[in-house]
Amino acid sequence: GEAGWVVNLHGSTHPPEQRRADLMTAAATALEWAAGAPLVFGGDLNSTRPAMPGLRHVAGNHVDHVMTDGRPAIGEPQVLDAGSLSDHRPLRVEV
68 GEAGWVVNLH GSTHPPEQRR ADLMTAAATA LEWAAGAPLV FGGDLNSTRP AMPGLRHVAG
128 NHVDHVMTDG RPAIGEPQVL DAGSLSDHRP LRVEV
């Protein structure tokens, strides 16, 4: 398979303007690092509807999201049971 990048971010919460600026900077930086190689970007973005230029939303649950550099998801994303590991439910999506 083709090598690529996986970027995980825990976004700030307040103020909303700073969160948005941080998400935009993180997305632009991730796309720059990947330099055209496959990119998966996600995490607790502390945003229920993130939209970042150059990234395609492929899975989400409340504030947790997975995006790609434009590659589509293969099949439907799943929200898994977190058990006692976290207060956030894991997302699974094939890209």
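Note that this note's numbering has the sequence shown beginning at 68, numbered continuously upward.
Cβ atoms here follow ideal geometry from the backbone N, Cα and C, with glycine treated the same way.
Since this is a predicted model, take the numbers as computed values, not measurements.
#### Entry: Nonlocal neighbours in the same chain, by C-beta distance under 8 angstroms from His81, ignoring five residues either side
Result list for His81: empty, nothing under 8 angstroms.
### Query
For Pro120, which of Ala140, Leu158, Ala94 has the nearest alpha-carbon?
Of the candidates Ala140, Leu158, Ala94, the one whose C-alpha sits nearest the C-alpha of Pro120 is Ala94.
### Message
I'd like the span of the alpha helix (DSSP H) that includes Pro82, first residue to last.
### Response
Run containing Pro82: none; DSSP gives neither H nor E here.
### Query
Does DSSP put Glu143 in a helix, a strand or coil?
DSSP places Glu143 in strand when its eight states are reduced to three.
### Task
Whole angstroms is fine: what's the gap from Leu106's alpha carbon to Leu98's?
The straight-line gap from Cα to Cα measures roughly 7 angstroms.
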